[in-house]
Structure formats: structure tokens, C-alpha cells
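Enquirer: Quick one: the structure is below, questions incoming.
Residue numbers (the numbering used here): 1106 to 1295.
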């Protein structure tokens, strides 16, 4: 079984809700700040085998959890830089998160994720700023809503397909069908 490590970073912007939606298709209206680091494991089945996906939900308090975050970054295959579309400050603070993950190996795939698209209409100017940021940093950009399940499946499938494309030892056919098993394990404060 292959293993894919996906890390979610960003300010308070619904990272835990995204992980919950991706991992077990649920949304909780009341969420609390992640205390350090939470790990959720999801098994994905393709027609050629299983892939164990480890979803790391990080705290936005990196100074307190610096060491644990750095260890997780080193094992990452994919990192999602998440911001709240309804709060432009979380987008503007992405430069901090880029510095935070600056020592990642070149093989790590980065994704820009605008969450909470259900709460606002993005202005043309803001959208251009987001697209420019994604382009200059070579990120794939996804607008999502963990609440309404908008874009979350597309994001997850893209992460898996990108991983399988560059890891042919695990699965050689990247056009295989992805079926998700409902085997969910969660460990708080990994």
C-alpha cells in the first residue's frame, strides 16, 4: 500500500472543516482551533491497489508547535495553502506561510485553496490577485466550500492523481478509477 502525506497550512480559515469534509464527508458548524496538529487517515482504493492518505491539519500557531510542524513538512508529498475567501487578510498572510514551508523539497506539490466560497462573491480585482499569486508560485488553485462540498472532491482527486503520476512504483496507471473506502482513523495531536 502506498502512502500520501497531505499537509494543510494557513491562518484560521476552515482547514479542519476541509479535512473533515475530505476524510468523512461531514461538516460541523462549531469547530475549535486545532491544538497543534491533527492527523486523519483515509484509505483510497484504485483498480490497481490501495493508497493510504494521511491528512495533517496544522494549527495556525506555528511558534508554539514549530518542531512538530517542521517534522510533518519534511514528510509531505503535498501541501495545501488555505485561505478564507471571505477574509482577505488570510490571503495576504499567505506570504508568511510560504516562508514557513520554504524548505520543502522540490518534489512536494503545492495547492492554493480558497475556502468558504459559499460565503462571498469574489471581486474581479481580488480574483486577479489570487490568480496572479497562484501563477507566480506555480500553484494549482481551487475554490472550495467545506460546508457545501464545493470543490473539495476535485481538490482531493487532483492531489491523488498528481501524486500517482510522479510515483509510478506504487501505481503505474494514472487513469485508474478512484473509489473511496469509509475507513477513517483520527488521532488528535499527532
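Every residue gets a Cβ at the ideal spot worked out from N, C-alpha and C, and that includes glycine.
1) What is the DSSP secondary structure of residue 1228, reduced to helix, strand or coil?
2) From residue 1120 to residue 1183, what does the alpha carbon distance come to, in whole angstroms?
3) Classify residue 1131 as helix, strand or coil using the three-state DSSP reduction.
4) Return the CA-CA distance between residue 1202 and residue 1178, expressed in angstroms with no decimal places.
5) Give me the residue from 1231, 1148, 1211, 1161 with the minimum Cα distance to residue 1195.
6) Quick check: the Cα distance between residue 1148 and residue 1197, rounded to an integer number of angstroms?
7) Check for me: the alpha helix (DSSP H) holding residue 1260 runs from which residue to which?
8) For residue 1125, count neighbouring Cβ atoms within 10 angstroms of its own Cβ and tell me buried if that reaches 16, exposed if not.
9) Suppose the cutoff is 6 Å on Cβ atoms and the five residues either side in sequence are ignored; what does the same chain contact list for residue 1110 look like?
10) Assuming residue 1199 is part of the beta strand (DSSP E), what are its boundary residues?
11) Verify the CB distance criterion: does residue 1190 have a CB-CB separation below 8 Å to chain D?
12) Any idea what DSSP makes of residue 1106, helix, strand or coil?
13) Using alpha carbons as the reference points, say which of 1129, 1199, 1175 lies closest to residue 1116.
14) Taking the continuous beta strand (DSSP E) assigned at residue 1217, which residues delimit it?
15) Tell me where the beta strand (DSSP E) around residue 1163 begins and ends.
Expert: Working from what's here:
1) Here residue 1228 sits in coil by DSSP.
2) Straight-line spacing of the CA atoms in residue 1120 and residue 1183 works out to 15 Å.
3) For residue 1131, the three-state secondary structure derived from DSSP is coil.
4) Approximately 12 Å, taken between the alpha carbons.
5) Of the candidates 1231, 1148, 1211, 1161, 1231 places its Cα closest to the Cα of residue 1195.
6) Inter-residue distance for residue 1148 and residue 1197 is about 34 Å (C-alpha atoms, whole angstroms).
7) Element bounds for residue 1260: 1257 to 1271.
8) Residue 1125 should be labelled buried.
9) Taking C-beta separations shorter than 6 Å and ignoring five residues to either side along the sequence, the partners of residue 1110 in its chain run 1159, 1180, 1181, 1182, following chain order.
10) From DSSP, residue 1199 is part of no beta strand (DSSP E) but of the alpha helix (DSSP H) over 1199 to 1205.
11) Going by chain labels, chain D is absent from the structure shown, which holds only one protein chain.
12) Residue 1106 falls in the coil class under three-state DSSP.
13) Of the candidates 1129, 1199, 1175, 1199 places its Cα closest to the Cα of residue 1116.
14) Unbroken beta strand (DSSP E) run through residue 1217: 1214 to 1220.
15) Per DSSP, the unbroken beta strand (DSSP E) holding residue 1163 starts and ends at 1154 to 1163.
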